[in-house]
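If you read the sequence shown in this note's numbering, its first letter stands for residue 196, the second for the next number, and so on.
Here is the structure we will look at.
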Amino acid sequence: MVIHQTTSVTITFRQKESVLLLQWLRKPDSVQLKDTYMRALAYVCCNRQTYYFCTDQSLIGSLDREQEEWLNQEFYPKVYDCIQGEIFAAVVFNNDHFKALVTNYQVPALLPQQHFIQFNYFTKLQEALQWLSDIRKGQDEAFLAPHTGLLSGSRVFASRENSQ
């Protein structure tokens, strides 16, 4: 389902994978970036079972440092405020950008780490979506696993949707 589309970006919700996918087609300026992510936030706040995010930057390379800081300090905390659950984010880069990241990576000591988000980085969109699918399946299995009731010996089944 397409949520928002311009010549610079497409936001879709992939129902099968339960993934909110942002595909950047052109490098955004800060205004475009914030507008796009606020549209994504509006969708997430109306659909609070959205825990899985994929951002495809393979056509645009890296974002500016200020844009990355805005995402980490403003956007993702707002997502967390809406869903009140852990966020899983896959980011797709082109091969050259990915190699540069691996070669030049330094832990950002000045940026506080968010406890509620887990990032993973990829060079292929399909691998990113597979990682998110595996995370979701693992969580679903944990939530759906039978638990023995302590008082009656009955079996209790829970799912993410029923537990919130």
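All C-beta atoms in this analysis are idealised placements derived from N, C-alpha and C, irrespective of residue type, glycine included.
Computed from a predicted structure; not experimentally measured.
Length of the line joining the Cα atoms of residue i and residue j
| i | j | result |
| --- | --- | --- |
| F317 | L327 | 11 angstroms |
| V179 | T202 | Nothing in the structure corresponds to residue 179, since the chain is present only between 196 and 359. |
| K319 | N289 | 8 angstroms |
| Q218 | I206 | 7 angstroms |
| D224 | E269 | 17 angstroms |
| F314 | A235 | 18 angstroms |
| V351 | Q200 | Reliability fails at V351, whose pLDDT of 33 lies under 50, so the model's placement of it is uncertain and no value is given. |
| E322 | E281 | 21 angstroms |
| N267 | F283 | 13 angstroms |
| K332 | V226 | 36 angstroms |
| A304 | E261 | Below a pLDDT of 50, predicted positions are generally treated as unreliable, and A304, at 45, falls in that range; the measurement from the model is reported next regardless. About 16 angstroms. |
| I312 | Y271 | 8 angstroms |
| D291 | Q279 | 35 angstroms |
| V214 | F208 | 6 angstroms |
| D329 | E212 | 10 angstroms |
| K273 | W265 | 11 angstroms |
| Q244 | A237 | 13 angstroms |
| L220 | V197 | 15 angstroms |
| V193 | M233 | It is not possible to answer for residue 193, since the shown part of the chain is limited to 196 through 359. |
Minimum C-alpha distance to residue i - residue among the options
| i | options | result |
| --- | --- | --- |
| Q325 | F248, D259 and E269 | F248 |
| T231 | Y275, T250 and Y246 | T250 |
| E157 | K229, F311 and H310 | A query on residue 157 cannot be resolved here, the shown segment of the chain reaching from 196 to 359 and no further. |
| L254 | T245, V287 and L266 | V287 |
| H310 | K222, D276, Q321 and R331 | D276 |
| S257 | Y246, P272 and K222 | K222 |
| N242 | Q252, Q210 and D259 | Q210 |
Range of the contiguous beta strand (DSSP E) that encloses residue i
| i | result |
| --- | --- |
| Q262 | Element bounds for Q262: not the beta strand (DSSP E) but the alpha helix (DSSP H), R260 to W265. |
| Q268 | No beta strand (DSSP E) holds Q268; DSSP gives it neither H nor E. |
| Q200 | V197 to Q200 |
Simplified DSSP state of residue i, which is helix, strand or coil
| i | result |
| --- | --- |
| N290 | helix |
| I255 | coil |
| Y246 | coil |
| F317 | strand |
| Q210 | coil |
Unbroken alpha helix (DSSP H) run spanning residue i, endpoints
| i | result |
| --- | --- |
| T231 | S225 to C241 |
| K222 | It is not in any alpha helix (DSSP H) - K222 carries neither H nor E in the DSSP assignment. |
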